[in-house]
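**Q**
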Amino acid sequence: MNRQLIQGLLTSLVIYPMTSVAALHTFTAHEVASFEWGTEAEQIALTQAPANNFGPPSVLVDETGRSLYLLDSENQRILVFNTTNNTFSSIWLSSIPLSPKQASSSAPLSPKNADDLCVMDDGMHFYLLFSRNQKVILYNRTGKVIRTYPIGNDIIPIGIRCHKENGLVFEAFDGQFYHQYDNKALVQIPIGKYAFHVERHNDSQGTIWLHNNETELGGEISVKSQTGLLKTINFIGLDKDKNIYLSVEEVVGEESLTENSKAENVRRFLRKYTPKGELLAQVQLPYSLYAYTYQDLAVTPSGDVFQIVPLKDSFEVVKWRSGVQTKRRSANSHKLSQKLFSYTESQSKDFHPSETDDGVAQQKSDRPKQRGYRKSLSRKQIIRQARAYANHRFKVRSANITPRRGTRYGRKRVITPIRRRGSYRGIPYKWGGNNSIASFKAGLRAGKKAGDKCTAKNRRCRGKYFGSSRAVGVDCSGLISQVWGLEKKYGTSRLPRISARISKNKLRPGDILNKPGHVMLFSHKNRRGRFCVYEASARDWKVAARCYSRSQIREYRAYRYNRAHSSNKRPAKLYVYGSTSLAERQSGSYTAKLRYSDGSSKEVTSRVSWTVKRPYDKSRPPAYFSGSRLHTKSVNRDEKVYVKASYTEKGKRLIAQTPVFIRNTRSQGWWWW
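Residue numbers for the sequence shown follow this note's numbering, beginning at 206 and rising by one.
(1) Output the boundary residues of the alpha helix (DSSP H) element that contains arginine 624.
(2) Going by other Cβ atoms of all chains shown within 10 Å of its Cβ, with 16 needed for buried, is glutamate 844 buried or exposed?
(3) Give the list of continuous beta strand (DSSP E) stretches no shorter than 3 residues that lie fully inside the segment 333-400.
(4) Candidates Glu760, Asp277, Ile632, Lys600: which alpha carbon is nearest alanine 256's?
(5) Across which residues does DSSP place leucine 273 in a beta bridge pair?
(6) Which stretch, first to last residue, makes up the alpha helix (DSSP H) that contains isoleucine 642?
(7) By Cβ distance below 7 Å, which residues in the same chain neighbour arginine 346 in space, the five residues on each side in sequence not counted?
(8) Taking the beta strand (DSSP E) that alanine 861 falls in, what are its first and last residues?
(9) When the Cα atoms are used, what is the spatial distance from valine 809 to threonine 796?
(10) Given this structure, state the Cα-to-Cα distance separating glutamate 455 from glutamate 469, to the nearest angstrom.
(11) To the nearest angstrom, report how far apart lysine 554 and alanine 486 are at their CA atoms.
(12) Are the segment 720-738 and the segment 484-500 touching by the rule of at least three beta carbon pairs closer than 8 Å?
(13) Should arginine 812 be labelled buried (16 or more other beta-carbon atoms within 10 Å of its own) or exposed?
(14) When burial is assigned at 16 or more other CB atoms within 10 Å of the CB, is glutamate 376 buried or exposed?
(15) DSSP on leucine 691, reduced to helix/strand/coil?
(16) Which residues does DSSP list as the beta-bridge partners of glutamine 253?
(17) List the residues that DSSP assigns as beta-bridge partners of threonine 437.
(18) On the DSSP letters alone, give me the boundaries of the alpha helix (DSSP H) that arginine 592 sits inside.
(19) For the structure I just gave you, are there three or more beta carbon pairs, one from the segment 849-862 and one from the segment 777-788, closer than 8 Å?
(20) With distances taken Cα to Cα, identify the nearest neighbour of cysteine 913 among Ala643, Gly442, Asp680, Gln586.
(21) Using 8 Å as the cut-off, can you tell me whether the segment 746-754 makes contact with the segment 615-633, which would need three or more C-beta pairs spanning the two stretches below that distance?
(22) Which whole-angstrom value is the C-beta distance of isoleucine 365 and tyrosine 332, which I expect to be below 8 Å?
(23) So, is asparagine 605 buried or exposed, given that buried needs 16 or more other C-beta atoms within 10 angstroms?
(24) So within the segment 453-535, which uninterrupted beta strand (DSSP E) runs reach at least 3 residues, ignoring any that extend past its ends?
(25) Would you say serine 559 and glycine 722 are within 7 Å of each other, going by their C-beta atoms?
(26) Skipping 5 residues on each side, what residues in its chain have a beta carbon closer than 6 Å to that of tryptophan 242?
(27) Is the CB-CB distance between glutamine 281 and leucine 265 below 7 Å?
(28) Are lysine 709 and alanine 763 closer than 7 Å when you measure CB to CB?
(29) For glutamine 552, count neighbouring Cβ atoms within 10 angstroms of its own Cβ and tell me buried if that reaches 16, exposed if not.
(30) Would you kindly check if the distance between the Cβ of arginine 618 and the Cβ of glycine 881 is under 7 Å?
(31) To the nearest angstrom, how far is it from the Cα of serine 915 to the Cα of arginine 755?
(32) Near aspartate 745, what residues of its chain come up, given a Cβ to Cβ distance below 7 Å and the 5 sequence neighbours on each side ignored?
(33) In angstroms, rounded to a whole number, what distance separates the CA positions of lysine 693 and glycine 715?
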């Protein structure tokens with residue numbers, strides 16, 4: 206990393222000047238722990254997959270703030286940090302027992318396959334998410350398995366939350382949150398006695414809506430860009446004084462579309478707001494491209510914010526504490542800042558390659574030729590095919606598996622990512638693979654191996670090695686070649702030849718995010734602004750769905766396939782977001798978003814017809830709209846009204862509505878806390 210870049214990054218502990226707040230504070234970083242990567246008791250394990258490394262995905266705190274939890278899956282344990290005496294301990298997770306029937310028909314369940322966790326009962330119980338198996342496992346404090354919960358097949362879970370009253374809540378790939386036993390998406394996400402909703406409106410503004418479940422009062426926080434274009438908003442939590450903590454990402458400068466352009470300048474910030482929405486403190490946060498994280502920040506009731514930062518040589522746990530900005534920093538603070546910002550650019554040598562080099566690009570697809578082959582295809586078709594690769598269920602026999610060290614066929618070796626018989630989900634990764642789903646199924650029936658992770662990085666597989674015909678599956682560019690309907694396999698250096706470079710802001714379903722060595726299929730952006738993709742790269746080496754922040758994809762370029770079209774794009778559903786509770790004589794803004802049949806969406810707030818009505822009669826409601834802002838009148842008692850949005854496009858009329866409580870606050874105080 207050059208000197209100029211380092212000097213720029215060292216502003217991480219210095220707040221950018223703000224004109225809207227007179228005495229803005231900053232946060233100071235304190236090193237809590239530094240772990241080496243490994244499998245020993247005082248180390249944290251790193252799992253490598255094509256183009257991705259995986260360590261602990263999330264950090265969380267219990268309700269008291271006394272304990273911090275990290276899921277160290279590969280070492281089969283939960284790491285517990287006591288924030289009072291600054292000590293670490295481990296909860297070793299037992300293996301998951303299967304009945305004889307389950308053992309013969311289901312994929313094995315091991316703590317090594319856990320993707321996320323949440324904690325209940327002040328650290329006495331833990332729920333672990335197993336996305337591959339569509340299951341949640343309940344553990345107790347001693348690491349013993351208590352119960353197994355299935356997840357409905359309609360949900361692709363990417364994260365999990367625990368709530369005392371609402372139970373388990375899943376964050377799904379489609380950007381929605383769901384209760385454990387309900388396929389209906391939640392409008393607001395529960396956290397403690399509150400519920401929240403995040404919405405990024407555009408490059409300059411977003412909103413956090415918060416609702417107190419006990420008082421039925423709500424409020425909203427306006428989030429605005431400060432140094433660049435606002436791209437993502439992530440709600441972290443609240444402290445005991447009801448201050449609100451967010452992380453936001455901003456892109457500084459315009460994205461260049463020239464061939465030799467540099468990666469985006471993405472800056473990530475930690476922000477602290479008062480309950481009334483005033484910005485109290487801000488600092489530039491480090492981010493690392495060395496290993497994937499899902500939720501890397503957690504706030505305690507006292508207001509300390511913990512962050513996990515996976516670096517090349519260590520796994521860092523950092524505590525951020527707000528306070529008055531000082532003009533001079535200590536040598537230790539300077540050294541820590543250098544370390545935390547040391548891996549903002551990925552190095553290919555640190556990752557498993559995701560594809561063979563482009564010498565394999567001439568490999569013909571095994572797709573059967575048929576009328577219409579190689580004609581243009583719709584975005585809906587592309588996404589449907591990608592979803593089929595991620596959700597495909599198949600059974601593996603002994604003939605489809607290799608020993609741990611692999612099986613040699615002539616000069617080539619095959620090492621399957623799958624080790625045991627059973628039923629699996631998601632087409633497995635295969636080095637150099639370009640199989641259709643039909644040929645994958647036929648290959649398994651013929652005794653071919655289920656995937657091959659014997660990449661060029663593996664010392665047993667070094668050299669010019671393009672994969673074996675004795676295995677079936679896809680690599681990253683093989684997946685794109687299949688879902689785009691290409692006649693032959695195109696690698697990451699050749700895919701731009703049949704597509705057009707576009708801005709990341711213009712990505713639509715079926716476009717790709719591409720860089721040398723890895724490519725992902727874009728599906729959609731979620732409400733926080735994260736990029737949700739399909740890719741042949743997962744902890745267990747398969748096609749999977751995942752969502753990335755802007756900083757995590759800063760090195761990728763966006764491309765649009767020349768033959769993709771959206772002629773079948775139709776308005777599908779209208780969504781309304783905004784405050785679910787307002788005090789009398791107050792106002793709140795509302796947002797409307799339209800989702801199309803191809804999975805894309807757009808904001809239509811200014812184009813909908815906004816109305817408000819009482820639930821049971823036609824008398825005039827105690828509220829009215831001015832544009833998209835609802836203004837409440839005085840009420841003698843608490844009242845419930847419905848906010849209704851109506852929108853018409855292509856002759857189709859869509860309606861969405863949400864209940865809003867108007868509170869009489871003259872005897873209760875006006876603010877929603």
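Built from N, CA and C at the ideal position, the CB exists for glycine as well.
**A** Quick answer:
(1) Here the question's residue 624 lines up with position 419 in the sequence shown. Taken as a continuous stretch (DSSP letters only), arginine 624 belongs to no alpha helix (DSSP H), as it is neither H nor E.
(2) As a working note, residue 844 is residue 639 in the sequence shown. So glutamate 844 counts as buried.
(3) 340-345, 350-355, 362-368, 372-377, 382-384, 394-396
(4) Locating residue 256 in the sequence shown gives position 51, counting from the first residue. For alanine 256, the nearest C-alpha among the options comes from Glu760.
(5) Residue mapping note: residue 273 aligns to position 68 of the sequence shown, counting from 1. Leucine 273 pairs with Val266, Phe286.
(6) Mapped onto the sequence shown, residue 642 falls at position 437. Start and end: 642-650.
(7) Indexing the sequence shown from 1 puts residue 346 at position 141. The answer, listed in chain order, is Ile296, Gly328, Met329.
(8) Locating residue 861 in the sequence shown gives position 656, where the first residue counts as 1. Residues 857-868.
(9) Translated into positions along the sequence shown, residue 809 becomes position 604. Translated into positions along the sequence shown, residue 796 becomes position 591. Each residue's alpha carbon lies about 8 Å from the other.
(10) Position 250 of the sequence shown, counted from the first residue, corresponds to residue 455. Position 264 of the sequence shown, counted from the first residue, corresponds to residue 469. The alpha-carbon atoms of glutamate 455 and glutamate 469 are separated by roughly 10 Å.
(11) Here residue 554 refers to the residue found at position 349 when the sequence shown is read from its first residue. Here residue 486 refers to the residue found at position 281 when the sequence shown is read from its first residue. Distance between the alpha carbons of lysine 554 and alanine 486: 38 Å.
(12) no
(13) Taking the sequence shown and counting its residues from 1, one reaches residue 812 at position 607. Arginine 812 is exposed by the Cβ-count criterion.
(14) Numbered from its first residue, the sequence shown carries residue 376 at position 171. Glutamate 376 is buried by the Cβ-count criterion.
(15) Residue 691 sits at position 486 when you count from the first residue of the sequence shown. Note: leucine 691 maps to coil in three-state DSSP.
(16) Working through the sequence shown from its first residue, we reach residue 253 at position 48. Paired residues: Asn258.
(17) Within the sequence shown, numbered from 1, the residue matching residue 437 stands at position 232. According to DSSP, threonine 437 bridges with Glu454.
(18) By 1-based counting over the sequence shown, the position of residue 592 is 387. Element bounds for arginine 592: 584-596.
(19) yes
(20) For residue 913 there is no data in the structure shown, the boundaries of the chain being 206 and 878.
(21) yes
(22) Residue mapping note: residue 365 aligns to position 160 of the sequence shown, counting from 1. Residue mapping note: residue 332 aligns to position 127 of the sequence shown, counting from 1. Indeed, because the Cβ distance is near 6 Å, the residues count as touching under 8 Å.
(23) Counting from one through the sequence shown, the residue named residue 605 turns up at place 400. Answer is buried; the Cβ neighbour count reaches 16.
(24) 471-478, 484-490, 502-504, 510-515, 520-528
(25) Within the sequence shown, the letter at position 354 stands for residue 559. Within the sequence shown, the letter at position 517 stands for residue 722. It is a contact, given that the beta carbons lie within the stated cut-off.
(26) What you label residue 242 is simply residue 37 of the sequence shown in a count that begins at 1. Excluding sequence neighbours, tryptophan 242 sits near Leu251.
(27) Your numbering for residue 281 matches position 76 in the sequence shown. Your numbering for residue 265 matches position 60 in the sequence shown. Taking 7 Å as the Cβ cut-off, glutamine 281 and leucine 265 do not qualify as a contacting pair.
(28) Counted from its first residue, the sequence shown places residue 709 at position 504. Counted from its first residue, the sequence shown places residue 763 at position 558. Cβ atoms of lysine 709 and alanine 763: closer than 7 Å.
(29) Translated into positions along the sequence shown, residue 552 becomes position 347. With fewer than 16 Cβ atoms within 10 Å of its Cβ, glutamine 552 is classed as exposed.
(30) The shown model of the chain, from 206 to 878, leaves out residue 881, and the question about it has no answer.
(31) Absent from the structure is residue 915, since the part of the chain shown begins at 206 and ends at 878.
(32) Stepping through the sequence shown from its first residue, residue 745 is reached at position 540. Excluding sequence neighbours, aspartate 745 sits near Asn318, Arg337, Pro622.
(33) The residue given as residue 693 occupies position 488 in the sequence shown. The residue given as residue 715 occupies position 510 in the sequence shown. Going by the C-alpha atoms only, they are around 18 Å apart.
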